[in-house]
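Structure first, then comments.
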Amino acid sequence: MTVAEDLSLLSQQQSIMTAALAAMAQGRWTGEPPSVEAHILALNPALAPLESVNYLLTSEAGPAGGPEWWDNFDPDTVMPRQSTSWTCSACSLSWCLRATQIDTACDEWCAVDKIGRPDQINPTWGLTNIDGPGQALIVAFESYGVEAEQAWLSFNQMYALATETVSLMSGSVWNHWVAVRGRVGADLWIANSGPGWMGVNDILTRADYERLGPFNCVSLVR
Amino acid sequence: MTESDDTETSAAITTLQQQQSLFTQALVAALAGKWTGAGSVEAYLYALDPNLQGTLEVDTPVVQSEL
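One line per chain: the protein sequences are H and C, in this order.
Just so we're aligned, residue 1 is where the first sequence starts under our numbering, counting upward by one.
Just so we're aligned, residue 1 is where the second sequence starts under our numbering, counting upward by one.
Dropping the structure here:
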């Protein structure tokens, strides 16, 4: 075999391993392709017959339930337009509080107070991040007894997280905070108080994410 | 082998090494029961193949601590 043929074979094997991992994530462990079992045998037919066990899958275990804010979460909750140029983080926080019914009465200005004007949010800087990226939002959630955490996430990470919890996020180039409703196809579905800003409305694509990031994300902990 | 061949071979090996690293991290996540969310098997799968986004119907094993 030439080096090129070796590399081609390795690349094919890598594709099969990726497909096997996708089969795991989708609960297709045994049986006809595209199962984990079938992919393993494609990698090495000499391994047949394989022994396997039955895993209890999420679809079979029933709803996990809780926490209450997650059970209450309504991604279709309306996001009003922000009333000033500097309150996008407050709008995103208030949307999250209302969408999860943590605080159904909290509007843009209630959220400004919760974040803390003028040290944590003000007309000059918007969210100041004076205590670290997104920390004031974490403290605001903590005031309701809800834990949140901050991370700089890639698009793949945020996309994977989008159906697991509720998040707020801000792109460094975008200079704008939004909340994450969930996914639409291969894109993120967002609650955006500034529709149209830098060409984004309710959908954030991978290309948008690369163009407007890196993204600072604050997510509720389940 | 030409210089162009060397460059292509080097690029292919780099890609395979990156994929191998992602695959290893995905297995670590699986071992830890992190099937969905940031830093999960699902997230590493999207890094391995972004075309999977919007196509997976995730149905992961239930972790004993969740029962």
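Cβ coordinates follow ideal geometry from the N, Cα and C atoms, glycine included.
Along the chain, where does the alpha helix (DSSP H) that runs through Trp-69(H) open and close?
68-72
For Gln-150(H), which residues does DSSP report across the bridge?
Val-218(H)
Among Gln-20(C), Ser-21(C), Phe-23(C), Trp-35(C), whose alpha-carbon lies nearest the alpha-carbon of Val-58(C)?
Out of Gln-20(C), Ser-21(C), Phe-23(C), Trp-35(C), the CA that lies nearest to the CA of Val-58(C) is found in Trp-35(C).
Looking at His-176(H): is its Cβ nearer than 7 Å to the Cβ of Cys-96(H)?
no
Got a sec? Which residues, its chain only, sit under 7 Å from Gly-213(H) by beta carbon, not counting five neighbours each side?
These residues qualify, in order along the chain: Gly-171, Ser-172, Val-173.
Three Cβ pairs or more, each shorter than 8 Å: is that satisfied between the stretch 184-192 of chain H and the stretch 53-67 of chain H?
no
Can you give me the Cβ contacts of Val-36(H) inside the same chain, cut-off strictly under 6 Å, excluding the 5 residues immediately before and after it?
Ala-20, Ala-23, Met-24, Trp-29
May I ask which residues mark the beginning and end of the beta strand (DSSP E) holding Leu-45(C)?
First-last for Leu-45(C): 41-48, but that is the alpha helix (DSSP H), not the beta strand (DSSP E).
Excluding the 5 residues preceding and the 5 following Thr-124(H) in the sequence, name in chain order all residues of the same chain whose CB lies nearer than 8 Å to its CB.
Trp-86
List the residues of chain A that Glu-164(H) touches, going by C-beta distances under 7 Å, in chain order.
Any reference to chain A falls outside this structure, whose protein chains are H and C.
Is it the case that the Cβ atoms of Ala-47(C) and Leu-22(C) are separated by a distance below 7 Å?
yes
Hey, Phe-73(H) and Thr-100(H): beta-carbon distance below 7 Å or not?
yes
Kindly indicate which three-state DSSP category Leu-203(H) falls into: helix, strand or coil?
It is Ile, not Leu, that sits at residue 203(H) in the sequence shown. Strand.
Please list, in chain order, the chain C residues whose beta carbon lies closer than 9 Å to that of Gly-27(H).
Glu-57, Val-58, Asp-59, Thr-60, Pro-61
Closer than 9 Å, Cβ to Cβ, to anything on chain C: give me those residues from the stretch 205-217 of chain H, in chain order.
Arg-206, Cys-217
Would DSSP call Ser-143(H) helix, strand or coil?
coil
Using the three-state DSSP reduction, which class does Arg-98(H) fall into: helix, strand or coil?
helix
Within 6 Å: the Cβ of Ile-130(H) and any heavy atom of the ligand PLP?
Judged by which ligands are present, the structure shown has none, so any question about the ligand PLP falls away.
Check whether the stretch 11-26 of chain C and the stretch 5-20 of chain H touch, using three or more Cβ-Cβ pairs below 8 Å as the test.
Judged by Cβ distances under 8 Å, the stretch 11-26 of chain C makes contact with the stretch 5-20 of chain H, as three or more pairs qualify.
Verify the CB distance criterion: does Gln-53(C) have a CB-CB separation below 7 Å to chain H?
yes
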